[in-house]
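Residue numbers (this note's numbering), protein chains in the order written: chain A, 1 to 79; chain B, 1 to 552. A virtual CB, placed ideally from N, CA and C, is assigned to each residue, including glycine. Since we're looking at a predicted model, the values are computed, not measured.
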Ligand SMILES: Cc1ncc(C[n+]2csc(CCOP(=O)(O)OP(=O)(O)O)c2C)c(N)n1
């Protein structure tokens with residue numbers, strides 16, 4: 001188990017947060033920290049999420065996240 | 001063209017070549033229903049008994065036709081009634097579009113009558129959902145919904161439209177039917193690796209899932225099986241991807257699958273897993289699953305790779321293209337020794353032939369199978385009867401098998417059969433249990449009203465057979481809450497609902513009434529009285545393997 005940071009760039013839709021957090025819950029993750037911020041483009045937001053899990057589970061989560069319609073980019077960073 | 005939101009909904013549905021929708025009216029979709037009224041010659045609306053039935057019907061319509069099924073419901077209870085149907089379609093990757101009305105925006109967020117946040121409600125059971133605040137976005141949102149539903153790995157999409165948005169005016173321009181996104185092309189290096197693995201394999205098995213049906217790749221599977229001389233095994237969702245008469249067909253493996261199919265898989269040195277997600281009902285204990293085999297996993301959805309099984313080669317992308325490439329590039333093989341071994345396994349562990357002296361599920365299903373025309377669509381509910389049908393019915397072509405594989409929804413069958421009958425306009429079979437049927441028999445009313453040729457075969461064992469079986473084997477025989485103590489007379493019930501009812505207690509009865517049922521107009525219910533003691537065996541215990549299959 002390690003702390004993993006997931007960085008997401010997404011469309012700033014009203015349902016984005018609920019989709020992202022519900023996906024974490026569905027896949028059995030407990031979110032440790034969560035930062036939600038604007039970007040210079042007002043249509044896009046950035047999220048920084050940390051979770052504690054096996055790296056491979058983090059990779060699987062990343063694949064699930066990228067399937068969300070409004071997520072443009074997602075990356076995994078081992079901290 | 002200046003149109004109202006509701007008119008736009010109709011126009012976009014027409015643009016998407018939708019001819020039939022299933023639904024149920026209510027206060028906040030009345031504006032849409034008014035347009036449906038005016039467009040009856042363009043779109044047929046089928047009123048069901050409830051919204052769950054409508055959602056399963058749209059799902060069933062999609063499963064047999066390959067088109068996007070459409071369901072419409074009102075806000076509040078209309079939307080909540082859709083949830084099980086959406087979840088069922090989501091689990092089995094069925095493309096569907098659900099339209100719900102909602103309270104006008106000025107009331108939104110005030111807990112007004114029949115208000116529900118349908119979008120949040122359906123986050124966990126849809127591929128995506130939309131809440132349309134602005135009529136100017138309505139047409140493109142709907143087009144997007146169709147695109148998302150059918151692109152990549154298909155699934156249900158919900159569009160929630162407030163009542164005032166349905167009434168607002170907006171300019172509208174017709175577009176072409178929304179095409180699905182191009183599927184990702186499978187990577188050549190990985191495919192070449194797979195070709196190499198197949199060429200080296202001496203005991204190959206192809207493991208087909210629902211992805212084969214969704215991608216219309218049945219022909220490719222057959223050709224690949226013949227070229228690399230592999231046997232073909234199925235998950236529940238993959239059944240019908242190959243004619244059961246094909247010599248390489250082995251049927252469904254897994255928890256309630258055929259023992260020979262599971263055992264052959266366990267002996268394989270290569271498993272070519274196509275459009276299958278290694279759900280635990282199919283694999284059992286994943287550590288013991290196909291221990292001796294290397295695995296090639298082909299799927300359109302990258303997140304299925306490494307989710308449960310780490311394959312030796314993962315191919316993400318269009319299944320049809322990948323299968324074609326493999327077939328064209330592998331050597332023609334003759335795995336004679338493997339075939340001999342498999343034939344032996346089949347002889348030892350294969351199903352014993354039916355014995356018409358008995359009136360048992362196997363005999364019933366096989367007999368009906370012989371009487372109905374080839375290619376008849378077959379739906380089921382959930383329970384023992386579902387497993388028996390999966391095991392004993394010989395499917396001859398894809399998109400003729402409708403079952404709730406992933407979600408296991410009792411109550412799916414009648415709605416699904418209605419959807420299939422509407423799509424095919426042909427006789428459609430439903431095998432159900434007396435428990436499941438009681439969850440959705442209200443939809444017989446829909447079938448009667450529309451004269452739909454659905455033949456319902458109730459394998460009536462007087463109890464919740466599957467639960468009884470599990471309690472018998474795993475809970476010390478404490479069979480509880482399973483006795484349906486049926487006082488319901490399903491034949492009379494058929495009559496009350498405007499359908500035709502028959503009862504069969506033995507094979508002769510069944511053959512006679514089944515032939516009649518094929519001549520009858522509208523829905524028919526055949527109540528088959530079977531023993532309450534039947535089990536669906538063999539059974540691999542949960543998280544089990546071929547080493548601990550229960551046979552009696
Ligand atoms: C909506 C729903 N509730 C409960 C279950 C759990 N369940 C699975 S099989 C089954 C019994 C089904 O009984 P019946 O329809 O009579 O079929 P049989 O097993 O007797 O063939 C139950 C209760 C389910 N799958 N779906």
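Cβ neighbour criterion (16 or more within 10 Å) applied to residue i
i	result
residue 212 of chain B	buried
residue 106 of chain B	exposed
residue 41 of chain A	exposed
residue 79 of chain B	buried
residue 60 of chain B	buried
residue 79 of chain A	exposed
residue 313 of chain B	buried
residue 1 of chain A	exposed
residue 481 of chain B	exposed
residue 247 of chain B	exposed
residue 385 of chain B	buried
residue 521 of chain B	exposed
residue 359 of chain B	buried
residue 474 of chain B	exposed
residue 224 of chain B	buried
residue 446 of chain B	buried
DSSP three-state assignment for residue i, whether helix, strand or coil
i	result
residue 303 of chain B	helix
residue 141 of chain B	helix
residue 527 of chain B	strand
residue 334 of chain B	coil
residue 95 of chain B	coil
residue 503 of chain B	strand
residue 158 of chain B	strand
residue 129 of chain B	strand
residue 22 of chain B	strand
residue 297 of chain B	strand
residue 432 of chain B	strand
residue 260 of chain B	helix
residue 438 of chain B	helix
residue 4 of chain B	strand
residue 207 of chain B	strand
residue 69 of chain A	coil
residue 282 of chain B	helix
residue 249 of chain B	strand
residue 540 of chain B	coil
residue 49 of chain A	strand
residue 478 of chain B	coil
Cβ-heavy atom distance, residue i to ligand 1, below 7 Å
i	result
residue 56 of chain B	no
residue 60 of chain A	no
residue 53 of chain B	no
residue 461 of chain B	yes
residue 483 of chain B	no
residue 466 of chain B	yes
residue 436 of chain B	yes
residue 83 of chain B	no
residue 384 of chain B	yes
residue 409 of chain B	yes
residue 441 of chain B	no
residue 415 of chain B	no
residue 405 of chain B	no
residue 381 of chain B	yes
residue 561 of chain B	Chain B is shown from 1 up to 552; residue 561 of chain B falls before or after that span and cannot be answered.
Cβ-Cβ separation, residue j to residue i (assumed contact under 8 Å), whole Å
i	j	result
residue 104 of chain B	residue 162 of chain B	5 Å
residue 74 of chain B	residue 28 of chain B	5 Å
residue 48 of chain B	residue 411 of chain B	Actually they are not in contact, since the Cβ atoms of residue 48 of chain B and residue 411 of chain B sit about 12 Å apart, beyond 8 Å.
residue 528 of chain B	residue 463 of chain B	Contact flag wrong, Cβ pair sits at about 15 Å.
residue 540 of chain B	residue 262 of chain B	7 Å
residue 101 of chain B	residue 21 of chain B	About 14 Å; that fails the 8 Å criterion.
Stretch-stretch touch, CB-based, cutoff 8 Å, three pairs: the segment 336-356 of chain B with the segment 484-499 of chain B
The segment 336-356 of chain B makes no contact with the segment 484-499 of chain B: fewer than 3 CB pairs, one atom from each, lie closer than 8 Å.
Could you tell me whether the segment 162-178 of chain B touches the segment 321-335 of chain B, where touching means 3 or more Cβ pairs closer than 8 Å?
Contact between the segment 162-178 of chain B and the segment 321-335 of chain B is absent: fewer than three C-beta pairs spanning the two stretches fall below 8 Å.
Count the CB pairs spanning the segment 91-101 of chain B and the segment 397-406 of chain B that are closer than 8 Å, and state whether there are at least three.
Cβ pair count under 8 Å is three or more, so yes.
Examine the Cβ distances between the segment 538-545 of chain B and the segment 361-378 of chain B and report whether three or more of them are shorter than 8 Å.
No, the segment 538-545 of chain B does not touch the segment 361-378 of chain B.
With a threshold of 8 Å, are at least 3 pairs of Cβ atoms found where one atom belongs to the segment 229-244 of chain B and the other to the segment 509-517 of chain B?
Contact fails: fewer than three Cβ-Cβ distances are below 8 Å.
So does the segment 264-284 of chain B actually touch the segment 427-441 of chain B, counting three or more Cβ pairs closer than 8 Å?
Note that the segment 264-284 of chain B does not touch the segment 427-441 of chain B; fewer than 3 beta-carbon pairs, one per stretch, sit closer than 8 Å.
The segment 271-280 of chain B / the segment 293-312 of chain B touching (three or more Cβ pairs under 8 Å)
Using a Cβ-Cβ distance cut-off of 8 Å, the segment 271-280 of chain B and the segment 293-312 of chain B are in contact, since at least three pairs of beta carbons, one from each stretch, lie closer than that value.
Is the number of C-beta pairs between the segment 385-399 of chain B and the segment 234-253 of chain B that are closer than 8 Å three or more?
With three or more CB-CB distances shorter than 8 Å, the segment 385-399 of chain B counts as touching the segment 234-253 of chain B.
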